Amino acid sequence: MIPFWYAVVSFMLIIYVVLDGRNFGAGMLQWVVAKTPEERRQVIAAIGPLWTWHEVWLVGFGGTLIAIFPRLMASAFAGYYLALFLILWCLILRGISVEVGGHINDRLWQGYWDFNFVLSNFLLAILFGAAAGNVARGVPLNADGDFSMAFFTDFNVRGHVGLLDWYTVSIAILAAVVLAAHGATYLTLKTEGPVHDRSEKYAKRLWIAVTPLSLAVLVESRIVRPDLPGRAWSNPLWWLGLVVTVISIIALVSGLAGRREQRAFLASNFLIVGLLATGAAAIFPVMLHSTLAPENSLTAYAVAVRPSTLRIATIWWPMGFALAVFYSVFISRRYAGKVSVQRDTQGFY
Amino acid sequence: MNSIFNDPGFWHRLQFGFTIVYHYLFPQLTMGLALFLVYWKWRALRSGDEKYNQAVRFWAKIFGLNFAVGVVTGIPMEFQFGTNWADFSKYAGGVIGQTLAMEGMFAFFLESAFVGALIWGEKRLGPRGHFAAAIAVALGSWLSGYFILVTNSFMQHPVGYQLEANGSLGISSMSTYLLNPWAFVQFAHNQLAAVVTGSFVVTAIGAFYALRRVHPVQAKLYLRAGTFVGLIASMLVAFPTGDAQAKMVGNHQPITLAAMEGKFEGGSEASVSLIGQPNVAAQRLDNPIEVPGALSFLAYGHFGSFVRGLNEFPKDQWPDNLELLYYSFHIMITLGTLFIALMGFATLQNWRGKLESSRLLLWGLMLAFPYPYIANTLGWMTAELGRQPWLIYGLFHTREGYSKVVSNGDAIFTLIGFTGLYFVIGLLFLGLTGREIGKGPKEPTVATIISEPEREVVLV
Numbered sequence: 001m002i003p004f005w006y007a008v009v010s011f012m013l014i015i016y017v018v019l020d021g022r023n024f025g026a027g028m029l030q031w032v033v034a035k036t037p038e039e040r041r042q043v044i045a046a047i048g049p050l051w052t053w054h055e056v057w058l059v060g061f062g063g064t065l066i067a068i069f070p071r072l073m074a075s076a077f078a079g080y081y082l083a084l085f086l087i088l089w090c091l092i093l094r095g096i097s098v099e100v101g102g103h104i105n106d107r108l109w110q111g112y113w114d115f116n117f118v119l120s121n122f123l124l125a126i127l128f129g130a131a132a133g134n135v136a137r138g139v140p141l142n143a144d145g146d147f148s149m150a151f152f153t154d155f156n157v158r159g160h161v162g163l164l165d166w167y168t169v170s171i172a173i174l175a176a177v178v179l180a181a182h183g184a185t186y187l188t189l190k191t192e193g194p195v196h197d198r199s200e201k202y203a204k205r206l207w208i209a210v211t212p213l214s215l216a217v218l219v220e221s222r223i224v225r226p227d228l229p230g231r232a233w234s235n236p237l238w239w240l241g242l243v244v245t246v247i248s249i250i251a252l253v254s255g256l257a258g259r260r261e262q263r264a265f266l267a268s269n270f271l272i273v274g275l276l277a278t279g280a281a282a283i284f285p286v287m288l289h290s291t292l293a294p295e296n297s298l299t300a301y302a303v304a305v306r307p308s309t310l311r312i313a314t315i316w317w318p319m320g321f322a323l324a325v326f327y328s329v330f331i332s333r334r335y336a337g338k339v340s341v342q343r344d345t346q347g348f349y
Numbered sequence: 350m351n352s353i354f355n356d357p358g359f360w361h362r363l364q365f366g367f368t369i370v371y372h373y374l375f376p377q378l379t380m381g382l383a384l385f386l387v388y389w390k391w392r393a394l395r396s397g398d399e400k401y402n403q404a405v406r407f408w409a410k411i412f413g414l415n416f417a418v419g420v421v422t423g424i425p426m427e428f429q430f431g432t433n434w435a436d437f438s439k440y441a442g443g444v445i446g447q448t449l450a451m452e453g454m455f456a457f458f459l460e461s462a463f464v465g466a467l468i469w470g471e472k473r474l475g476p477r478g479h480f481a482a483a484i485a486v487a488l489g490s491w492l493s494g495y496f497i498l499v500t501n502s503f504m505q506h507p508v509g510y511q512l513e514a515n516g517s518l519g520i521s522s523m524s525t526y527l528l529n530p531w532a533f534v535q536f537a538h539n540q541l542a543a544v545v546t547g548s549f550v551v552t553a554i555g556a557f558y559a560l561r562r563v564h565p566v567q568a569k570l571y572l573r574a575g576t577f578v579g580l581i582a583s584m585l586v587a588f589p590t591g592d593a594q595a596k597m598v599g600n601h602q603p604i605t606l607a608a609m610e611g612k613f614e615g616g617s618e619a620s621v622s623l624i625g626q627p628n629v630a631a632q633r634l635d636n637p638i639e640v641p642g643a644l645s646f647l648a649y650g651h652f653g654s655f656v657r658g659l660n661e662f663p664k665d666q667w668p669d670n671l672e673l674l675y676y677s678f679h680i681m682i683t684l685g686t687l688f689i690a691l692m693g694f695a696t697l698q699n700w701r702g703k704l705e706s707s708r709l710l711l712w713g714l715m716l717a718f719p720y721p722y723i724a725n726t727l728g729w730m731t732a733e734l735g736r737q738p739w740l741i742y743g744l745f746h747t748r749e750g751y752s753k754v755v756s757n758g759d760a761i762f763t764l765i766g767f768t769g770l771y772f773v774i775g776l777l778f779l780g781l782t783g784r785e786i787g788k789g790p791k792e793p794t795v796a797t798i799i800s801e802p803e804r805e806v807v808l809v
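Written out as structure tokens, the structure is:
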């Protein structure tokens, strides 16, 4: 039961990252792929009508986390207190800038909200990246399974660590570049005209930049968490994640090279799924690693609700998820097709 | 150095209270408005009259603005269970986590998937599809209300739980938990109160247009629907739902009922005070004007029933902000009574065909829209202040629930951040909503066929 629910909760977060990650990426790149005010509205229109649908998956993840692993949720959210509020405020700013920008057709007004849009999306990618780095590295959990962490201490990865150190910062950078590449691939599929052409160019460059960065992070991870590889190799899901990653890389390269936009974007989605799935499988069953003492680490088995409550969730949760999949089909049909600069094809503005 | 300001619990409560009160300004309108959208869309389908579609288009825009602010201010609510109330989540997460997750999976997904279709999808979906989208959004918003009220009802009147071996709570019976009698009454009371907010806002805009003599067809539609629904909902909020709510508090939280009424000494033929200021130090109500026997009747059904006073309970079980609780409850009741009177009179005038011509009444209807927001907020303050000092009634103290690892410095910092951010959101929301109201619904009448500058002249 516990491995299943661990996979479910990880999967919910991964879906959120894949869905909203495209918005972070497209948002970050808005100023470089779109030069005129009309082109910038085109980028907003490419993600605009769907941002609440994407963001709601974060709520789905948060809810599932409280329902299944309340002990972990309490410990992690209270420990990451300030960082989490920065994420929430950036999400608020991002949502507001998407919504209010289009209400007034004025250059200064839209320019101002475009700025907030780019900034909040960039910060979101960095903050989520740093959060992922913290999960991989571990946090200073005490014997009660609680922690409280400064933004930075001595930039080292052991003992009383801070939110930011050389390792978490490099994962944050990798996350920003991967999501920017993901967003560029999305805009290539979703737009036409000059925005499309620039996005295509950026997608190729950014995915090339991902290669050395991810290799560097791989080496760093080996140093920071020498205990992980052994655990990972004995987990079949890790191997599955690896297979997904490798197939996605091949599909992505062929999609980008052959200008098959649909294939490239699908591959980009699955590449992120594969990368995060290998990460999630590698740390299992530890959900939060302690940098102070390994015995303080919180495992999925220790933080989950009792089996009787788990059984209840096993009944209703799949129904909720099936409905969500059904809505996804509706949405992907309704919002299919490209957004052009002249015409409002998404009914958004 | 030992004041309330050093108490971390105070800051966590203040932040949660502030963010939830602010957040709930938006869902209460969308839940109420969703019914109007479904109703008008249905009328449009049945009659083919274009004015109903125009109403839906206009109100869908207002709905969209409220929905967006509701989403962005709602996400911090879920996360604060972990960030600010970690010890509560550790203790009760095994129970309340179920409904919080169900809200996300069953309600939010539904609502957010179809809200875009409702606001922008009329042409693509066609009339039937658009009607279905309105129903989906309404259903999603009401379901979300139910799951949240089940969660809150567990905190008011815990049922269906068991104490696990590790000292935390788990679910013993999911059906008992989901069908908590407290949740039924609170859901009915709360949803009707949301309909009151929706109908007052619809009425206010109708009155505004009628007073300015613009959009006459739409103004009439809003005034008629708004005042009629407003009257029915205001009456149902008071009776039977408000009445049932008070009886439930009387049966399960007698201390809360005594505190709500400022009743220090118990007795039979207990009175309801219409006016009076609780003086906790002297343990009496100052300057009271009272209706004898009314509380006994309202709480237990007989004028002679014995109502217990606060003095019968140990002081550490009294709600810790007794004065605010007393005022919240009393102002809510007063407002609720005024709502029935105002909407009753407006419905009467409407029936006599005089609603659009009585300008004084239209002014009153236009300026009345903030008060249901106030009454809704006060209702929630009554419920939550009345629950104190418990976080889960009788099981878990509020002072045990906050996150012990979060310093006051961190808590005050985020409170400042929310204050600033929500102030800006409030300004934007008011400005943009004002613009949409100024633009108004598009009517294919003479006024819109004439070009804009000329129209100004016509209106003057």
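Chains as they are written, first to last, in my numbering: chain A, 1 to 349; chain B, 350 to 809. Where is the CB? At the ideal position from N, CA and C, for every residue including glycine. Just so you know, these numbers come straight off a predicted model, no measurement behind them.
Taking the alpha carbon of residue i as the point to measure from, which residue in the options has its own alpha carbon closest?
i               : options                           : result
T422 of chain B : A:D165, A:M73, A:L93 and A:F24    : A:L93
F365 of chain B : B:F772, B:I761 and B:V773         : B:I761
D165 of chain A : A:M28, A:H196 and A:A132          : A:A132
A322 of chain A : B:L459, B:P738, B:M380 and B:A732 : B:L459
I223 of chain A : A:T168, A:G25, A:F326 and A:A78   : A:T168
V566 of chain B : B:T368, B:Q403 and B:A690         : B:Q403
V177 of chain A : A:K201, A:R205 and A:R158         : A:R205
E261 of chain A : A:A175, A:P140 and A:H196         : A:H196
V157 of chain A : A:S328, A:S290, A:L13 and A:R22   : A:S290
E99 of chain A  : A:I171, A:I47 and A:L292          : A:I47
G615 of chain B : B:L647, B:A574 and B:G658         : B:G658
S654 of chain B : B:N600, B:A456 and B:Y675         : B:N600
Using C-beta distances below 7 Å, list every residue in its chain close to residue i, excluding the 5 sequence neighbours before and after it, in chain order.
i               : result
D114 of chain A : Q30, R40 and G101
G728 of chain B : A542 and M681
L374 of chain B : Y722
T500 of chain B : I445, T448 and L449
T153 of chain A : H160, V161 and G162
Inspect the beta-carbon positions of residue i and residue j and report whether they are closer than 9 Å.
i               : j               : result
A203 of chain A : Y6 of chain A   : no
T191 of chain A : G465 of chain B : no
S75 of chain A  : K439 of chain B : yes
V18 of chain A  : F61 of chain A  : no
T590 of chain B : S490 of chain B : no
N539 of chain B : L580 of chain B : no
T605 of chain B : G743 of chain B : no
A383 of chain B : V534 of chain B : no
L572 of chain B : A556 of chain B : yes
M12 of chain A  : L72 of chain A  : no
Please compile the residues from chain B whose C-beta is within a distance smaller than 8 Å of the C-beta of residue i.
i               : result
V244 of chain A : Within 8 Å Cβ-Cβ: nothing; V244 of chain A doesn't reach chain B, min ~25 Å.
T64 of chain A  : A450, G453 and M454
A175 of chain A : Here the premise fails: no neighbours, minimum Cβ distance about 20 Å.
Report all residues from its chain with a CB closer than 6 Å to the CB of residue i; omit the five preceding and five following residues, and keep chain order.
i               : result
W233 of chain A : none
T794 of chain B : Its pLDDT being 44, under 50, T794 of chain B is placed unreliably by the model, and the measurement read from it follows with that caveat. For T794 of chain B, where only same-chain residues beyond five positions count, there are no Cβ hits under 6 Å.
May I ask which residues mark the beginning and end of the alpha helix (DSSP H) holding residue i?
i               : result
I283 of chain A : E261 to I283
D759 of chain B : N757 to K788
N812 of chain B : As displayed, chain B neither begins before 350 nor continues past 809, which places residue 812 of chain B out of reach and without an answer.
E99 of chain A  : Y81 to G101
S308 of chain A : P307 to R334
Taking the continuous beta strand (DSSP E) assigned at residue i, which residues delimit it?
i               : result
M287 of chain A : V286 to L288
R748 of chain B : Unbroken run through R748 of chain B: none, as it is neither H nor E.
R657 of chain B : First-last for R657 of chain B: undefined, no H or E at that position.
Please compile the residues from chain A whose C-beta is within a distance smaller than 9 Å of the C-beta of residue i.
i               : result
E749 of chain B : Neighbours of E749 of chain B on chain A: none; closest Cβ ~13 Å, over 9 Å.
E672 of chain B : Result: empty, since nearest Cβ-Cβ is about 31 Å, beyond 9 Å.
Would you mind telling me which residues of chain A sit closer than 7 Å to residue i, beta carbon to beta carbon, in chain order?
i               : result
L777 of chain B : I96 and V100
Give me the chain B residues within the contact set of residue i, using Cβ-Cβ distance strictly less than 9 Å, ordered along the chain.
i               : result
D146 of chain A : A435, S752, K753 and V754
W53 of chain A  : F458, S461, A462, V464 and G465
In chain D, which residues lie with their C-beta within 7 Å of the C-beta of residue i?
i               : result
V421 of chain B : No chain D is part of this structure, whose protein chains are labelled A and B.
Near residue i, which residues of its chain fall below 8 Å by C-beta distance, leaving aside the five closest residues on each side in sequence?
i               : result
R392 of chain B : D398 and Y401
I638 of chain B : S622, L623, I624 and G625
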